[in-house]
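Our numbering applies: residue 2 is where the sequence shown begins, and numbers increase by one.
Here's the structure we're looking at; comments come further down.
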Amino acid sequence: MFTAANILQNIFGYASFREGQRELIDAITHGRDVCGIMPTGAGKSLCYQVPAMLLPGVTLVVSPLISLMRDQVLGLVAAGVPAAFINSSLTEAQNAKAMTNARAGLYKIIYIAPERLLAPSMTSLAAELDISLVAVDEAHCISQWGQDFRPNYMDIPAFIAGLRKRPVLGAFTATATPRVRSDIVRALALQNPLTVVTGFDRPNLYFAVRRPKDKYKTLTAYLHENNNTGIVYCSTRKESDKLTERLTADGYNAAAYHAGLSDTARTRAQDDFLHDRTQIIVATNAFGMGIDKSNVRFVIHYNLPQNIEAYYQEAGRAGRDGLPADCILYYAKQDIFTSVFLIKQSENEEEIQRKRRLLNRMVQYCEAKTCLRNYLLTYFGERKSNDCGDCGNCNPQSDSIPDATDSIPDTANSVPDFENCVPDTSKRPAKKPRTRASAPAAAFAFSDLLFEKLKAIRLEIAKREKVPAFVIFSDATLVDMCQKHPLTPEELLKVSGVGNVKRERYNK
Numbered sequence: 002m003f004t005a006a007n008i009l010q011n012i013f014g015y016a017s018f019r020e021g022q023r024e025l026i027d028a029i030t031h032g033r034d035v036c037g038i039m040p041t042g043a044g045k046s047l048c049y050q051v052p053a054m055l056l057p058g059v060t061l062v063v064s065p066l067i068s069l070m071r072d073q074v075l076g077l078v079a080a081g082v083p084a085a086f087i088n089s090s091l092t093e094a095q096n097a098k099a100m101t102n103a104r105a106g107l108y109k110i111i112y113i114a115p116e117r118l119l120a121p122s123m124t125s126l127a128a129e130l131d132i133s134l135v136a137v138d139e140a141h142c143i144s145q146w147g148q149d150f151r152p153n154y155m156d157i158p159a160f161i162a163g164l165r166k167r168p169v170l171g172a173f174t175a176t177a178t179p180r181v182r183s184d185i186v187r188a189l190a191l192q193n194p195l196t197v198v199t200g201f202d203r204p205n206l207y208f209a210v211r212r213p214k215d216k217y218k219t220l221t222a223y224l225h226e227n228n229n230t231g232i233v234y235c236s237t238r239k240e241s242d243k244l245t246e247r248l249t250a251d252g253y254n255a256a257a258y259h260a261g262l263s264d265t266a267r268t269r270a271q272d273d274f275l276h277d278r279t280q281i282i283v284a285t286n287a288f289g290m291g292i293d294k295s296n297v298r299f300v301i302h303y304n305l306p307q308n309i310e311a312y313y314q315e316a317g318r319a320g321r322d323g324l325p326a327d328c329i330l331y332y333a334k335q336d337i338f339t340s341v342f343l344i345k346q347s348e349n350e351e352e353i354q355r356k357r358r359l360l361n362r363m364v365q366y367c368e369a370k371t372c373l374r375n376y377l378l379t380y381f382g383e384r385k386s387n388d389c390g391d392c393g394n395c396n397p398q399s400d401s402i403p404d405a406t407d408s409i410p411d412t413a414n415s416v417p418d419f420e421n422c423v424p425d426t427s428k429r430p431a432k433k434p435r436t437r438a439s440a441p442a443a444a445f446a447f448s449d450l451l452f453e454k455l456k457a458i459r460l461e462i463a464k465r466e467k468v469p470a471f472v473i474f475s476d477a478t479l480v481d482m483c484q485k486h487p488l489t490p491e492e493l494l495k496v497s498g499v500g501n502v503k504r505e506r507y508n509k
């Protein structure tokens, strides 16, 4: 008889559960609704993928982004799990084929976009399937208090009500304030759910705020020092295009991504980034929710985000593999006025005031003199007794100390409730060494040469199989290989992230 632990080890290649996973999986397999709030990279997906393999019938996963569905399905198929997705990226013939296969019982997990839930073809299919579990990914999208509200998520309760029997419901997200969590439970009509909040902390991420006089010069200095894959977020399409042009002209492998590009251009930019053909994506907030790329080593916000939720979610796209990564925000006075201008485009005065209050909290983060990690965690309702000792305020790096001459003006007439707090660098603690995101090998004491050779082999396999490299193995799995030096198929199975199917497929 298969158990959750068997599936975790033999299919997904992990020897033990992370915090919160066992409780959520056990609840689902015993027929109880759940609400899982877990940080990016903490293994939310396994909380519904493992039960899907134990429950009869099929699991439906409602997911907001095509790229997320595709990446997760590729990863599942690579691990030997029969899975598929149904969305607008497929032709009608391809979607019809997927539905035929679903009716034939060929899938255990089906990903579907929320806007297709109430389509006649889907309601017809759902009536014929034995649906044991509906997992709602990025569940904060159902809350109007969340920063990513998607009206189509409101179709989920109607879809559930139309099924011949009510399945177990699971809601999962990484970023949700207590108010949003309550809204998720209410909007999805979860019944006596087990709610697990494992915390929002991402210990591998280094948070810092910089106030450079010259943002571009500071950015290129960072990129020169950190030759890695990363994301640079801009507040406008114009800024994204302009920055991409400058970076490309200076020899950096960069591409723009924003809603003003054609569907073809956006798809190409995203695919090139996922397949490591593009090293730096320069994007607006149109890019990224649900991006499953594990080896993003830095996320730099070139402009001020409009709220903490958006910032933490976007920054959280770094370091999904658990290795060190940098989350750096460039703060300048002009960004405040740009944000206010964008906020004032809203027609609803109440909405404008709400967004301005959220912007206040974002600016307060930028001007904070205390631990940045604690500021973020406190915002999400989690309190730490001690400072982290490893953020831009607790442990400033030589290139992260703000230039005190670039002061922030009195913004009372623009956005109310700010404190005009220019950081006092004279009171900062002494610097201490920190492992840089550019050198993950240094944090684990293994051969850089071996790590690079494994990456080269992985890239060769990925090109041959036409999938992103992280679908083959994550950087964290390669790190574990470098530590354990497996020399037989049996030893390879002991590497984190190597299950039976991947062992058989790639051990040679």
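Idealized CB from N, CA, C, for every residue including glycine.
Rounded C-alpha distance that separates Thr230 from Asp327: Looking at the two C-alpha atoms, the distance is approximately 11 Å.
Is the separation between the beta-carbon of Asp34 and that of Leu170 shorter than 7 Å? Taking 7 Å as the Cβ cut-off, Asp34 and Leu170 qualify as a contacting pair.
Pairwise C-alpha distance: Ala270 and Leu220: So the two alpha carbons sit approximately 21 Å from each other.
The beta strand (DSSP E) that contains Ile458, what's its start and end? Per DSSP, Ile458 belongs to no beta strand (DSSP E); it is in the alpha helix (DSSP H), Asp449 to Glu466.
Under 7 Å Cβ to Cβ from Ile353, same chain only, skipping five residues before and after it: list those, please. Ile344, Lys345 and Ser347, listed in sequence order.
Top-ranked residue by Cα proximity to Ser144, from Lys356, Ile185, Pro306 and Asn296: Among Lys356, Ile185, Pro306 and Asn296, the Cα nearest to that of Ser144 is on Ile185.
Helix, strand or coil: how does DSSP classify Ser475 here? Coil.
Can you tell me the Cα-Cα spacing of Gln73 and Lys294, whole angstroms? Approximately 10 Å, taken between the alpha carbons.
Which residues mark the beginning and the end of the beta strand (DSSP E) in which Val62 is found? Val59 to Val63 is the span of the beta strand (DSSP E), which, as asked, contains Val62.
Quick check: the Cα distance between Arg321 and Gly200, rounded to an integer number of angstroms? C-alpha separation (whole angstroms): 15 Å.
By how many angstroms is the C-alpha of Cys48 removed from the C-alpha of Val137? Straight across, the Cα-Cα distance linking Val137 with Cys48 is about 11 Å.
Report buried or exposed for Asp131, applying the criterion of at least 16 other Cβ atoms within 10 angstroms of its Cβ. Flag for Asp131 reads exposed.
Ile110, DSSP secondary structure in three states: Secondary structure at Ile110: strand, using DSSP grouped into helix, strand and coil.
Is the CB-CB distance between Thr245 and Ala257 below 7 Å? Their beta carbons are under 7 Å apart, which means Thr245 touches Ala257 by this criterion.
By the DSSP assignment, the alpha helix (DSSP H) with Val197 in it spans what residues? Looking at the DSSP string, Val197 is not in any alpha helix (DSSP H); the run it does join, the beta strand (DSSP E), is Leu195 to Val198.
Would you identify the three-state DSSP class for Arg211, choosing helix, strand or coil? In this structure, Arg211 counts as strand in the three-state DSSP scheme.
Measure the C-alpha to C-alpha separation of Cys389 and Cys372 and round it to an integer number of angstroms. Rounded to the nearest angstrom, the two C-alpha atoms are 7 Å apart.
Grab me the residues of Val78's own chain with a C-beta within less than 8 Å of its C-beta, minus the 5 sequence neighbours each way, in chain order. Ala84.
Let me make sure I understand the geometry here. Which of Ala103, Ala287 and Val210 has the alpha-carbon closest to that of His302? Ranking Ala103, Ala287 and Val210 by Cα distance to His302 puts Val210 first.
Only counting the same chain, and skipping five residues up and downstream in sequence, which positions put a Cβ closer than 8 Å to that of Lys428? Unreliable positioning characterises Lys428 in this predicted model, as indicated by a pLDDT of 37, which lies under 50. A coordinate reading is not provided.
Beta-carbon spacing of Gly498, Ser475 below 7 Å: Note that the C-beta distance between Gly498 and Ser475 is below 7 Å.
Taking the C-alpha atoms as reference points, what is the distance between Arg117 and Ala162? For Arg117 and Ala162, the gap between their C-alpha atoms comes out near 16 Å.
Helix, strand or coil: how does DSSP classify Cys1 here? A query on residue 1 cannot be resolved here, the shown segment of the chain reaching from 2 to 509 and no further.
How far does the beta strand (DSSP E) with Ser133 in it extend, from its first residue to its last? For Ser133, the enclosing beta strand (DSSP E) covers residues Ile132 to Val137.
For Ala190, I'd like the list of residues in its chain whose CB is within less than 6 Å of its CB, leaving aside the five on either flank, ordered along the chain. The answer, listed in chain order, is Pro158.
Using the beta-carbon count (16 or more within 10 Å), is Thr489 buried or exposed? With fewer than 16 other Cβ atoms within 10 Å, it is exposed.
When the Cα of Arg23 is compared with those of Gly14, Ala5, Asn11 and Phe13, which residue comes out closest? Looking at the Cα atoms, Ala5 is the closest of the given residues.
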